[in-house]
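Numbering (mature numbering (1 follows the signal peptide of the UniProt record, and there is no 0)), first residue to last: -18 to -1, 1 to 730.
For each residue, glycine too, the CB sits at the ideal point set by N, CA and C.
As the structure is a computational prediction, the values presented were derived from the model and not from experiment.
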């Protein structure tokens, strides 16, 4: 009996260490750190922290010391106890030789242990360029393509995997945000200084975020009041006449309540016409944008909540330099356009983490948005009102242990559209969409080299009926430093083909349908499958760490509303897909640090996006098949008087197919292809302290521009006028400068 008791007592430490250690890693300002290496001392067993700084690692029998390592921060060793919940705070690396920070934090991170193909762009990445708003935040990221939609509105649209933004789920803190009527211009209504980070997920996303994602998801996080700077000020000015001001006012009302008032305004009154076609290179106008964000945090009891109240008003005027709205609106004396938009939205999030029950939580999200746009383009008119509501209830827990996790929940989506279209016909369109859905997502992680996420959701939609959305993600680490991923999933959405294609109103094309327009408007469903694989390999080049990422994705449409510009240059057709529509996308990306303080990122991308049109199957118009990208960044050592940051970005785009203009008179033909071209962007930043910095830079420094950006600009009310055949910049070189100033320190 005594020997058996002695044997059991000897086994107790072994049983105790057969458990898992979990925790959270943050910086000195309590901001979560993603991508921190966490491993047992003297072993190769390790994990990396997720987007929220959380980690879970299996215990080992031959070590009780965890090492936390991250570029730009001091390495920390911690002796842990069985089942201990760790809260780790890493401090910046310091040097006695006047250098305050000897390394800089990575600004874009890929996690080895995330199941999905996820990239995180930090706030520092956004500071590399003039990221005045969300649409301009991707100039240093090769995964996202940014282009102008037309030569009148100055609007920028984005593409992922060769597909435009309606096929990307745009979310604000994992709540669907830029959708419906806001698809066309909504990216420009989120100021860049408000953004804390951006997460880019390629391919099929999570079922917890809905059924609408097809090519991927972009989620942007807003700065948190609990960790925000008390006062922040930013001013920006450019030689194209654009001026911007940003002001953040943050206050802690108690140890649990805090709030931030975000104030943004921009203005452009200067008229410019560098290509002498009689039309403005950029629209003039102004915007006022206000966000009041509240946060409640009670970490001891497990409660956290957010409330966002957002108001935005934007006014744009484009067209001929001689155009005056008071004198020329609705006349043929001068061609002009005005787009006036007002948006009111509210978002609430409530989360609860069970303090005494590990890995169990629930969340409740609600969002309302009222979007109202009045606009005209020459003699064409388009107005839209869109009211939407989103509600999501989610529960997360584990099955026996942390290797098996699940999320389940219910959600409801409501949309009401009132659209008025006056082109070659005048008609009012009204539609109400609503859906109820339930989802279940299971996650398995062996806490070493394999994990999977499988999800299924069932939704009932009043227009699309009842349907299932399955999605699967796999991750495997076959050898040291490698991560292999695969994903497959189905997406389904309602196509809002008028509001998503507003750029075509800035042309004189007749809008036509192959079936009754009312029938197409009421039942505009789109369905697609997305499949993808990716490999990320870390290695060393001459003792310098490097990373190679290769991914390939294919999207196959079963249902699609086709937008056809090719049947005739005087026509724009909308009809249901009758044939094939697919997109293949291959990207290779190499990131390395060849010298101290220098980051180099190079990428090549190939996109094949083809659709069956009435006249044949073609590569999607104005979509380059090849793209080469390079970003070079250098940060000098930090001395007492600050440091310098230099950033250079190069883009090369291959030739792009023009939609057919052969039936036009020769003077109004564009040819078959636009030529390939290159652009250079650069920025220099002088950081004087943690509170003050100035920056100046330039875009399109090579001065390349499309000279004939508007077809038939000399006859804007004729049959051949078209401002949508844009493949390159229209302005030429653009220079800007700005400053950032803050007062106080975030609460720790």
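Element boundaries [beta strand (DSSP E), containing residue i]
i: residue 454; result: 447 to 458
i: residue 433; result: 432 to 443
i: residue 616; result: 608 to 617
i: residue 675; result: 674 to 681
i: residue 142; result: 138 to 142
i: residue 160; result: First-last for residue 160: undefined, no H or E at that position.
Helix, strand or coil at residue i [DSSP, three-state]
i: residue 694; result: coil
i: residue 204; result: strand
i: residue 423; result: strand
i: residue -18; result: The predicted model places residue -18 with a pLDDT of 45, which falls under 50 and marks its position as unreliable; any figure quoted below should be read in that light. It is coil, neither helix nor strand.
i: residue 755; result: For residue 755 there is no data in the structure shown, the boundaries of the chain being -18 and 730.
i: residue 85; result: Any reading at residue 85 must be qualified, since the residue scores a pLDDT of 43, below 50, and its modelled position is unreliable; the value itself is stated next. Correct three-state label for residue 85: coil.
i: residue 461; result: coil
i: residue 396; result: strand
i: residue 712; result: coil
i: residue 641; result: coil
i: residue 409; result: strand
i: residue 653; result: coil
i: residue 550; result: coil
i: residue 328; result: strand
i: residue 90; result: strand
i: residue 648; result: helix
i: residue 22; result: strand
i: residue 703; result: coil
i: residue 175; result: helix
Supposed close pair residue i, residue j - CB separation, criterion 8 angstroms
i: residue 294; j: residue 325; result: 5 angstroms
i: residue 248; j: residue 230; result: Not quite, the Cβ-Cβ distance comes to about 16 angstroms (not below 8 angstroms), so this is no contact.
i: residue 218; j: residue 718; result: 6 angstroms
i: residue 726; j: residue 212; result: 3 angstroms
i: residue 469; j: residue 186; result: 5 angstroms
i: residue 562; j: residue 599; result: 7 angstroms
i: residue 399; j: residue 478; result: 7 angstroms
i: residue 46; j: residue 6; result: Not quite, the Cβ-Cβ distance comes to about 20 angstroms (not below 8 angstroms), so this is no contact.
i: residue 609; j: residue 577; result: Incorrect: roughly 26 angstroms between the Cβ atoms, too far for contact.
Residue i and residue j closer than 9 angstroms at C-beta
i: residue 158; j: residue 192; result: yes
i: residue 304; j: residue 260; result: yes
i: residue 788; j: residue 109; result: The chain is shown only over -18 to 730; residue 788 falls outside these bounds and no answer can be derived.
i: residue 450; j: residue 438; result: yes
i: residue 222; j: residue 179; result: no
i: residue 14; j: residue 134; result: no
i: residue 124; j: residue 508; result: no
i: residue 151; j: residue 194; result: yes
i: residue 289; j: residue 243; result: no
i: residue 71; j: residue 12; result: yes
i: residue 664; j: residue 643; result: no
i: residue 464; j: residue 518; result: yes
i: residue 354; j: residue 329; result: no
i: residue 345; j: residue 376; result: yes
i: residue 119; j: residue 174; result: yes
i: residue 567; j: residue 529; result: no
i: residue 357; j: residue 401; result: no
i: residue 245; j: residue 228; result: yes
Neighbour-count burial assignment, residue i, 16 or more Cβ in a 10 Å radius
i: residue 338; result: exposed
i: residue 309; result: exposed
i: residue 392; result: exposed
i: residue 430; result: exposed
i: residue 548; result: buried
i: residue 460; result: exposed
i: residue 679; result: buried
i: residue 282; result: exposed
i: residue 649; result: exposed
i: residue 605; result: buried
i: residue 387; result: buried
i: residue 602; result: buried
i: residue 728; result: buried
Bounding residues of the alpha helix (DSSP H) (the contiguous stretch that carries residue i)
i: residue 107; result: 105 to 108
i: residue 282; result: Note, residue 282: premise wrong, no alpha helix (DSSP H); not H, not E.
i: residue 117; result: Per DSSP, residue 117 belongs to no alpha helix (DSSP H) and is neither H nor E.
i: residue 193; result: Neither: residue 193 is in no alpha helix (DSSP H) and is coded neither H nor E.
i: residue 499; result: 499 to 504
i: residue 308; result: 307 to 310
heavy atom of the ligand MN below 8 angstroms from residue i C-beta
i: residue 57; result: Among the components modelled here there is no ligand, and therefore nothing to report on the ligand MN.
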